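Just so you know, the sequences run in chain order A and B.
For the first sequence, the numbering used here begins at 71 and goes up steadily by one.
For the second sequence, the numbering used here begins at 3 and goes up steadily by one.
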Amino acid sequence: MIIAEQKPFEEIAKMTANFDKVLLLGCNECVTVCLAGGEKEVGVLAASLRMLRKQGDRPLITLEETVTRQCEWEYLDQIEKLAEEAECIISMACGVGVQFVAERFPDKWVIPALNTKSAGGSVKHGIWEERCGLCGECILYKTGGVCPVARCSKRILNGPCGGSQNGKCEVKDVDCIWDQIYKRMAALGRMDWLMEIEPEKDWSKARDGGPRKLIREDVMISE
Amino acid sequence: MSENKSRLQTLFEQGEFVVTGEIGPPKSANGEGIRKHAEHLKGYCDATNLTDNQTAIVRLSSIAAGMHVLKAGGEPIIQMTCRDRNRIAIQSDLLGAYSLGMKNMLCLTGDHQSFGNHPTAANVFDVDSIQLIRMVKRMKDEKVFACGEAIKKDEPRFFIGAVANPFADPFEVRVYRMEKKINAGAQFFQTQIIFDLERFERWMELVRERGLHERAYIMAGVMPVKSAKVAAYMQKNVSGMIVPDEMVTRLKNAEDQQAEAVEICVEQIKHIRKIKGVSGVHIMAVGWEEIVPSIAEKAGLLPRPQAAGIARVAG
């Protein structure tokens, strides 16, 4: 899933300072699971903003809604009336949701309430880790199911570099993922695979190749 | 000399115990210090590394620094990391460096930028050190760029170096990765600075078991540590390095810490020289270059041999 965390409250308050009626829009997908932008967080943020503005002389009216997914037009269609009522929309989705909202409601000012962090998962309560580098050409079959693109600080493909010590990366507080790859490959009897020189990666499949678009004509509906 | 080999390679092939030094370029646009250091090392070292923005701190470029060394009559070993350049810039720099008369290239991944003075910089790591080694080798042996396109004439023909760190983990993997570097095209190695001789010897055993010392020249990295304070600092703060407590204590108890530092380094070199499969020593004086001649002398490394067919490096 996409992992996000809420921006500092002061930052959100500052971005909303010039508005009197805002719509806080949550998303029921990834950001609900990572406790950043679901229905509950919408309520808490709305209450916090109202309380802050009550202290000044410019009270804030908040509208609250959480949709199934902000990254799909049909769910945004459902909030058209609500959006019209507000001066601006505070999107509590990932960067994808924020942009879908802005595109769907071109005359509304849109504010992002979250910082989108990575594609990953929760490894235990309260800890979310990056797992996929979205490189566009998966190599996990060569590395025992452990990704050096997302999880090596230098994203090297023939690791570990000389900075690996006691299972730790030279970069602070990071596990050396190549240490884990080697141990896993050794346990699976595949050390010989790691002696193969992994060639230069085709980064054109990754973000380096420009914005990516997936087209599947087989599922397109002709109009 | 149709091969146009470097002095460094020639000396290895003659079977000499080779000595290399290292100069860290300055954080300024002045090459005078580099030329002075290079002149200072002449006759004491056979070639000199020029570091590439080491620890991710902006410095005068390694190739430009190599030019200052050449002008001073020395032989440069250009360090090239993967942190700051993609495959296009790397190959362009390889062509440039060779066109200027540089013949030794040491290929490294490079320290992460979070250690340096621009921790918010983007990193590149388009290729890693092993891919870089292979790139330099293919340019030489197959006369092709990384993309496969032919280099129609005047391909760069570097003597290819790599680094190995016997003190990183997992221990046994270090030797596998060294072998992988040899398979990729590495011809000589310089190791991380050695303080823990016992671990280095165990590592060399593994190296010999796999016959790697017969496939590449291995130079052991040493460093004169100026004071107990510096040693303690390195023990705590430098990753990929093992600094034994005994060394810190020995320096701390010495009346003259600098003399003791030289003594320790000389003892290490003498010990290392006896280890089978070690072809030379790489002295990293890191800001204390003026001490190298005295270490070379006390360790019995003088006079430096001449390379057959190559004019003696001036001085």
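In this text, a Cβ means the ideal position worked out from N, Cα and C, and glycines have one as well.
Just so it is clear, the structure is predicted and the values come from calculations on it, not from any experiment.
Going by C-alpha positions, B/VAL177 is about 19 Å away from B/VAL224.
The count of Cβ pairs closer than 8 Å, one atom from the stretch 211-228 of chain B and one from the stretch 267-281 of chain B, reaches three, so the stretches are in contact. Residue burial annotation: B/ASN51 is buried, with at least 16 other C-beta atoms found within 10 angstroms of its C-beta.
Collapsing the DSSP output to three states places A/LYS84 in a helix. Judged by DSSP in its simplified three-state form, A/ASP278 adopts helix. For B/MET249, the enclosing alpha helix (DSSP H) has its first and last residue at 247-255. Every beta strand (DSSP E) of 3 residues or more that sits fully in the stretch 71-148 of chain B is shown, in chain order, as 78-83 and 106-110. The beta carbon of A/GLY232 falls within 8 Å of a beta carbon belonging to chain B, placing the residue at that interface. Counting only residues of its own chain and dropping the five nearest sequence neighbours on each side, A/LEU133 has a CB closer than 8 Å to the CB of LYS91, VAL92, LEU93, LEU94, LEU152, GLU155 and ALA156.
Under the three-state reduction of DSSP output, A/ALA183 falls in the coil class, being neither helix nor strand.
When DSSP states are grouped into helix, strand and coil, A/ARG225 belongs to the coil group. Residues of chain B with a Cβ closer than 8 Å to the Cβ of A/GLU240 are, in chain order, ASP113, HIS114, PHE117, SER241 and GLY242. Judged by DSSP secondary structure, B/ASN185 falls within the alpha helix (DSSP H) whose first and last residues are 173-186.
Residue environment for A/ALA163: buried (at least 16 other C-beta atoms within 10 angstroms of its C-beta). Taking a 10 Å sphere around the C-beta of A/SER274, we find fewer than 16 other C-beta atoms and assign the residue as exposed. Collapsing the DSSP output to three states places A/ASP245 in a strand.
Of the candidates A/ASP278, A/MET290, A/LEU119 and A/ASP243, the residue whose Cα lies closest to the Cα of B/VAL126 is A/ASP278.
Interface annotation, A/ARG174: not in contact with chain B, CB-CB separation never under 8 Å.
Rounded to whole angstroms, the Cβ separation of B/THR53 and B/PRO28 is 11 Å, and the two are not in contact under 8 Å.
Among the CB atoms of chain B, none fall inside 8 Å of the CB of A/ASP262.
Taking a Cβ-Cβ cut-off of 7 Å, the neighbours of B/LYS182 in chain A comprise ASN228, MET265 and ILE267, given in sequence order.
Taking each of A/ILE149, A/LEU210 and A/VAL166 in turn and checking the Cα distance to A/ARG254, the smallest one comes out for A/LEU210. Remark: three or more beta-carbon pairs, one from each stretch, lie closer than 8 Å, so the stretch 158-171 of chain B and the stretch 185-203 of chain B are flagged as touching.
Taking A/ALA276 as the centre and dropping the five residues before and after it, the same chain places the C-beta of CYS205 and GLY206 closer than 6 Å to its C-beta, in chain order. For the pair B/PHE173 and B/LYS7, the CB atoms are not nearer than the 8 Å cut-off. Linking B/GLN16 to B/CYS149 through their CA atoms gives a straight-line distance of about 36 Å. Judged by DSSP secondary structure, B/HIS39 falls within the alpha helix (DSSP H) whose first and last residues are 34-43. Interface annotation for the stretch 81-112 of chain B against chain A: ARG89 and THR111, criterion Cβ-Cβ distance under 7 Å. If you draw a straight line from the Cα of B/GLN189 to the Cα of A/ASP288, it is about 53 Å long.
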